[in-house]
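Reviewing the structure listed below.
Protein chains: 2
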Amino acid sequence: MNFVLFSTLVFYSVVVILKILWGITGKNLALFSDGLDSLKNVFTLSLSIFFLQISSQGRDLTHHWGHKKYDSFGALVIGIFQIFISGVSGTYIIFRFNQVPSSSSIVTSFVSFLLMIFVVLSLFFVSHRLKSESIRAELLHEATDLIQTFFVFISTFISVNYIGFINSAFALIIAAVLLFNGILTVWRAEKFLLDWAPPRNVMQKIENILSESDVSVRDIKASLSSSNTLRLEITLQVDAQTPIFEAHQIAHSVEDKIISELSKMGVKVENCSVHVEPLGAHTTKDDK
Amino acid sequence: MNFVLFSTLVFYSVVVILKILWGITGKNLALFSDGLDSLKNVFTLSLSIFFLQISSQGRDLTHHWGHKKYDSFGALVIGIFQIFISGVSGTYIIFRFNQVPSSSSIVTSFVSFLLMIFVVLSLFFVSHRLKSESIRAELLHEATDLIQTFFVFISTFISVNYIGFINSAFALIIAAVLLFNGILTVWRAEKFLLDWAPPRNVMQKIENILSESDVSVRDIKASLSSSNTLRLEITLQVDAQTPIFEAHQIAHSVEDKIISELSKMGVKVENCSVHVEPLGAHTTKDDK
Ligand SMILES: [Zn+2]
Ligand SMILES: [Zn+2]
Ligand SMILES: [Zn+2]
Ligand SMILES: [Zn+2]
Numbered sequence: 033m034n035f036v037l038f039s040t041l042v043f044y045s046v047v048v049i050l051k052i053l054w055g056i057t058g059k060n061l062a063l064f065s066d067g068l069d070s071l072k073n074v075f076t077l078s079l080s081i082f083f084l085q086i087s088s089q090g091r092d093l094t095h096h097w098g099h100k101k102y103d104s105f106g107a108l109v110i111g112i113f114q115i116f117i118s119g120v121s122g123t124y125i126i127f128r129f130n131q132v133p134s135s136s137s138i139v140t141s142f143v144s145f146l147l148m149i150f151v152v153l154s155l156f157f158v159s160h161r162l163k164s165e166s167i168r169a170e171l172l173h174e175a176t177d178l179i180q181t182f183f184v185f186i187s188t189f190i191s192v193n194y195i196g197f198i199n200s201a202f203a204l205i206i207a208a209v210l211l212f213n214g215i216l217t218v219w220r221a222e223k224f225l226l227d228w229a230p231p232r233n234v235m236q237k238i239e240n241i242l243s244e245s246d247v248s249v250r251d252i253k254a255s256l257s258s259s260n261t262l263r264l265e266i267t268l269q270v271d272a273q274t275p276i277f278e279a280h281q282i283a284h285s286v287e288d289k290i291i292s293e294l295s296k297m298g299v300k301v302e303n304c305s306v307h308v309e310p311l312g313a314h315t316t317k318d319d320k
Numbered sequence: 033m034n035f036v037l038f039s040t041l042v043f044y045s046v047v048v049i050l051k052i053l054w055g056i057t058g059k060n061l062a063l064f065s066d067g068l069d070s071l072k073n074v075f076t077l078s079l080s081i082f083f084l085q086i087s088s089q090g091r092d093l094t095h096h097w098g099h100k101k102y103d104s105f106g107a108l109v110i111g112i113f114q115i116f117i118s119g120v121s122g123t124y125i126i127f128r129f130n131q132v133p134s135s136s137s138i139v140t141s142f143v144s145f146l147l148m149i150f151v152v153l154s155l156f157f158v159s160h161r162l163k164s165e166s167i168r169a170e171l172l173h174e175a176t177d178l179i180q181t182f183f184v185f186i187s188t189f190i191s192v193n194y195i196g197f198i199n200s201a202f203a204l205i206i207a208a209v210l211l212f213n214g215i216l217t218v219w220r221a222e223k224f225l226l227d228w229a230p231p232r233n234v235m236q237k238i239e240n241i242l243s244e245s246d247v248s249v250r251d252i253k254a255s256l257s258s259s260n261t262l263r264l265e266i267t268l269q270v271d272a273q274t275p276i277f278e279a280h281q282i283a284h285s286v287e288d289k290i291i292s293e294l295s296k297m298g299v300k301v302e303n304c305s306v307h308v309e310p311l312g313a314h315t316t317k318d319d320k
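Protein chains in written order, with this note's numbering: chain X, 33 to 320; chain B, 33 to 320.
Now the structure itself:
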């Protein structure tokens, strides 16, 4: 792993621990809740690097169709972690609801905000150097986290000086958003883990490419293994007397065409298999 | 849904609500924790019926390879729910640790145990009539739940009369087991959602069947979509001049043989596709 990225993660982890500790000792529920949210972010950053490496691996003895789905599985694990800590922080907040933060907590929540600025700047620096898409996407998330920590400070200030329950209420909102996002993450991963067919426009594109080729198509099966990766199985029909070497050439030309046309749409074909069978051997889609 | 099963689920739900309420009002942490565990069971029973119906569906417009994986997804959702409520109950128990149940709680925990006997008997009756494998498997789980509720009663009795913290400690154990089982459930579902290859003995069986047939095998790809359902892709090589109708016959005889041989092992082949290509067209496994 890149050294700057590693240092950033260590620094971020320290900030997370400070937020959670200051949240508990300063009776600052919003800071505590925000700290657990940041913990999830550190977890996400570390895991996404790990799962990115796995998902880029091709075929091996245990995964004959490659590892692309590990991208979604990484997201799933993070979503589950998120749901778990939302349960912990939600219960904690409900127990301690209406408690007013100590006045020193105004300082610690402001320091937390300042530390978060360093974290975001440092991540910005890393993403600029690494040119990593996934870290850049994560960065946007970190920026909203920065705003959240700023509002923790604001809610603490209001609670200490004016309206007591604001800090608790904000803490509960953070926990609720955490739960909601966790469920959403699991929901999104489901699409790729359960072999959903690609969206209509992609299916139509495949059908168009095939109809341009001078072949008879009996069946198309497709599924997404990540947001831009496709598995494809196409069954063609040719004259019964066609020699296998000719059928094989037709299959390859169709495969090549589909792969190149779809890549123009930003869709990568991960596994493409083209079958050729004699004309009329099967008629319906479900017929084997 | 079957009426008796539905009634049982409603009755079970009432028992769950009673356990949780009596747990909170009677300061009985173990009963509370046990109640949340039972909530998961009601959830499991209801969801498994729902997901069983989905997973038995064949191919449709959005799932070209069928819905078998929804079995695992159902298990995954239950695992996530389990992890969430273990977070809630764990936090709750830690907050209230060492609290001694009220003496009336000895009665309510015993009544809970009696009600659980009715639940288990009723489920036994349902499973006997429905002859459903999945409900029968769930029944075994319910029996251990019955024992657990009995120990809740015992721990309450000990806490009220002798050693105060026993009830809290037992509550924490229930929550920890819930978390552990949740993680295990997610871990098990991962195998089927990420297209793991089947175990060695199944792969060897497939290789043996193919080597008995008089064909040249270039590649075998396989993955599990449930504990006993397999997806299979086999690439054969035949003489380049073989007409496609002959190649197609070879492919089907190989497919039929594999499906019938594997079904003897209790393995169902969900999607089998056999490719035939000219001899020497590709040499390595990864070569397209
Ligand atoms: Zn692997
Ligand atoms: Zn056929
Ligand atoms: Zn469907
Ligand atoms: Zn080829």
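Backbone N, C-alpha and C fix where the C-beta goes; we use that ideal spot for every residue, glycine too. Please read these numbers as outputs of a predicted model, since none were measured by experiment.
Taking 9 Å as the threshold (C-beta atoms), are residue j and residue i in contact?
| i | j | result |
| --- | --- | --- |
| I206/B | S45/B | no |
| S70/X | K51/X | yes |
| V286/B | L242/B | yes |
| L37/X | I86/X | no |
| G58/B | G67/B | no |
| G111/B | G214/B | yes |
| I117/X | V192/X | no |
| I291/X | L204/X | no |
| I108/X | T217/X | Per the sequence presented here, residue 108/X reads as Leu, with Ile not at that position. Yes, the pair counts as a contact, with Cβ atoms nearer than the cut-off. |
| S305/X | E265/B | yes |
| I115/B | G298/X | no |
| A254/B | H96/X | yes |
| G98/B | N303/B | yes |
| T94/X | W219/B | no |
| V152/B | D177/B | yes |
| K223/B | E293/B | no |
| A221/B | S104/B | yes |
| N34/X | P133/X | no |
| Q273/X | P275/B | yes |
| F202/X | F145/X | no |
Within a Cβ cutoff of 7 Å, which residues of the same chain sit near residue i, ignoring the five residues on either side of it in sequence?
| i | result |
| --- | --- |
| S78/B | L41 |
| V247/X | L268, I282 and V286 |
| S141/B | N60, L63, V184, F185 and T188 |
| V74/X | L41, Y44, S45 and V48 |
| K19/B | With chain B represented from 33 up to 320, any question about residue 19/B goes unanswered, as that position is not in the structure. |
| S295/B | none |
With DSSP collapsed to three states, give me the class of residue i.
| i | result |
| --- | --- |
| I110/B | helix |
| T267/X | strand |
| K51/X | helix |
| I186/X | helix |
| R232/B | helix |
| V286/B | helix |
| V301/X | strand |
| T217/X | helix |
| T123/X | helix |
| T57/B | helix |
| S191/B | helix |
| T316/X | coil |
| S134/X | coil |
For residue i, list the residues DSSP reports as bridge partners.
| i | result |
| --- | --- |
| I252/B | I266/B |
| E309/B | Q269/B |
| S154/X | Answer is none; S154/X lacks a bridge partner. |
| S87/X | According to DSSP, S87/X bridges with nothing at all. |
| S258/B | T261/B |
Leaving out five residues on either side along the sequence, give the residues of the same chain with a beta carbon under 8 Å from the beta carbon of residue i.
| i | result |
| --- | --- |
| F277/B | none |
| Q180/X | D66, D69 and I206 |
| F197/B | F129, N130 and S191 |
| D271/X | P310 and L311 |
| I149/X | L178 |
Leaving aside the five residues before and after residue i along the sequence, list all residues of the same chain whose C-beta is less than 6 Å from its C-beta, in chain order.
| i | result |
| --- | --- |
| L147/B | V47 |
| K320/X | The predicted model places K320/X with a pLDDT of 49, which falls under 50 and marks its position as unreliable; any figure quoted below should be read in that light. None. |
| L210/X | D69, Q114 and S118 |
| V308/B | L268, V270, A279 and A283 |
Quiz item: Any residues whose CB sits closer than 7 Å to a heavy atom of ligand 3? List them in chain order?
Solution: Those residues, listed in chain order, are Q89/B, D92/B, T94/B, H95/B and H99/B.
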